[in-house]
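Let me begin by presenting the structure, written as structure tokens, before commenting on it.
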Amino acid sequence: MSQVLHTPPTQAAPHGDLAALAARHGLTVSGARPSLPEYIRQLWARRHFITAFATAKLTAQYSQAKLGQVWQVMTPLLNAAVYYFIFGVLLETKKGVADFIPFLVTGVFVWTFTQSSIMAGTRAIGGSIGLVRALHFPRAALPISFCLQQLQQLLFSMAALLIILFAVGVPPALSWVLVLPALTLQFVFNAGVSMILARLGANTPDISQLMPFILRTWMYISGVMWSIDNLIDKHHGMPTWVADLLRANPAAVYIDLMRFALIDSFHASQLPPHVWLVATGWALLAGVGGFIYFWKAEETYGRG
Numbered sequence: 001m002s003q004v005l006h007t008p009p010t011q012a013a014p015h016g017d018l019a020a021l022a023a024r025h026g027l028t029v030s031g032a033r034p035s036l037p038e039y040i041r042q043l044w045a046r047r048h049f050i051t052a053f054a055t056a057k058l059t060a061q062y063s064q065a066k067l068g069q070v071w072q073v074m075t076p077l078l079n080a081a082v083y084y085f086i087f088g089v090l091l092e093t094k095k096g097v098a099d100f101i102p103f104l105v106t107g108v109f110v111w112t113f114t115q116s117s118i119m120a121g122t123r124a125i126g127g128s129i130g131l132v133r134a135l136h137f138p139r140a141a142l143p144i145s146f147c148l149q150q151l152q153q154l155l156f157s158m159a160a161l162l163i164i165l166f167a168v169g170v171p172p173a174l175s176w177v178l179v180l181p182a183l184t185l186q187f188v189f190n191a192g193v194s195m196i197l198a199r200l201g202a203n204t205p206d207i208s209q210l211m212p213f214i215l216r217t218w219m220y221i222s223g224v225m226w227s228i229d230n231l232i233d234k235h236h237g238m239p240t241w242v243a244d245l246l247r248a249n250p251a252a253v254y255i256d257l258m259r260f261a262l263i264d265s266f267h268a269s270q271l272p273p274h275v276w277l278v279a280t281g282w283a284l285l286a287g288v289g290g291f292i293y294f295w296k297a298e299e300t301y302g303r304g
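Here this note's numbering is used: the first residue of the sequence shown is 1, the next is one more, and so on.
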């Protein structure tokens with residue numbers, strides 16, 4: 001004869017009791033956001049992972065192509081060649097611009113660094129969702145590593161740029177050392193914007209579809225293929241505030257700094273006023289602001 005055991009229904013414990021029970025046994029919320037100093041410490045502890053991850057992504061990027069890593073240099077050079085034909089030859093934007101080829105190539109390379117970093121940032125969380133859900137680590141490591149990958153890509157391209165500079169007769173100069181602080185500030189700016197887009201893209205994947213249109217518009221107003229000074233001089237009736245906005249555009253600021261550092265015909269008079277202060281301000285605003293904005297949603301990434 002079988003015996004049926006009847007167990008009395010259990011009542012759910014109040015939320016406060018569960019929280020007290022968890023605290024009493026040392027349990028914490030899974031994936032809870034650490035304090036900002038602790039988050040920075042955890043991120044620094046994983047700096048070797050960030051570097052290795054960026055290098056691995058860059059190596060794998062062209063692993064299926066027959067020319068392999070040659071495309072790291074060929075891709076930006078081909079882009080520059082297309083822009084030279086369209087803007088330099090057909091639209092004649094090279095008129096009045098000394099050393100137009102180095103001027104154009106520098107603009108294309110530096111802009112590509114910003115563009116690729118931001119686009120990679122929009123997919124940093126969604127494109128690595130398996131890694132985010134499987135492992136516990138500061139999620140900011142992902143957008144930062146993607147920006148570092150694009151910086152490594154730019155350094156390969158810079159080797160080609162130096163060959164172009166020598167070929168057109170631009171001599172080495174002491175100003176070339178300014179490339180280091182300029183790239184450092186641009187990297188901080190790119191990483192900050194990338195983290196902002198990483199948080200937005202994690203919640204709204206459609207942002208990655210919209211960004212190419214925004215970035216293309218940004219490129220056209222940043223003086224990548226033409227001189228901002230020539231445009232302002234040509235349109236004498238342009239309001240002063242519009243001219244100031246064009247010069248203070250962060251992408252244009254970093255492009256102009258690189259042109260000033262590398263091209264001897266690009267003079268200090270062509271730089272916007274207080275250019276290093278402006279470049280530092282953009283880097284701090286985007287870098288610090290973007291990092292805090294990303295950190296505030298740390299516990300939400302990979303959920304849902």
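Every residue, glycine too, gets a C-beta built ideally from N, C-alpha and C.
- Excluding the 5 residues flanking it on each side, W111 has same chain C-beta neighbours closer than 8 Å at M219, S222, V224, A251, I255, in chain order.
- Excluding five sequence positions before and after W176, the CB atoms of its chain that fall closer than 7 Å to its own CB belong to A261, L262, given in chain order.
- Put simply, of S269, C147, R133 the residue whose alpha carbon is nearest the alpha carbon of Y301 is R133.
- At the C-beta level, W241 and T93 stay beyond 8 Å of one another.
- For the 8 Å CB-CB criterion, A173 and D264 form a contact.
- DSSP places S269 within a helical segment (H, G or I) once states are collapsed to three.
- A direct Cα-to-Cα measurement between L178 and L200 gives close to 33 Å.
- Around the CB of T114, 16 or more other CB atoms lie within 10 Å, so the residue is classed as buried.
- Under the 10 Å beta carbon count, F53 is surrounded by 16 or more other beta carbons and is classified as buried.
- Under the three-state reduction of DSSP, T280 is assigned to helix.
- Here the alpha carbon of I144 sits roughly 25 Å from the alpha carbon of A160.
- In the displayed model, S145 falls within a helix according to three-state DSSP.
- Contact between L215 and I118 holds, with the beta-carbon distance rounding to 7 Å and staying under 8 Å.
- Judged by DSSP in its simplified three-state form, P212 adopts helix.
- One thing to note: V278 has its Cβ within 8 Å of the Cβ of A248.
- Annotation: I125 is outside any alpha helix (DSSP H) and is labelled neither H nor E by DSSP.
- For F187, the enclosing alpha helix (DSSP H) stretches over residues 179 to 203.
- When Cβ pairs closer than 8 Å are counted between the two stretches, the segment 122 to 140 is seen not to touch the segment 266 to 273, the count staying below three.
- A140 is a Cβ neighbour of W295, given a cutoff of 8 Å.
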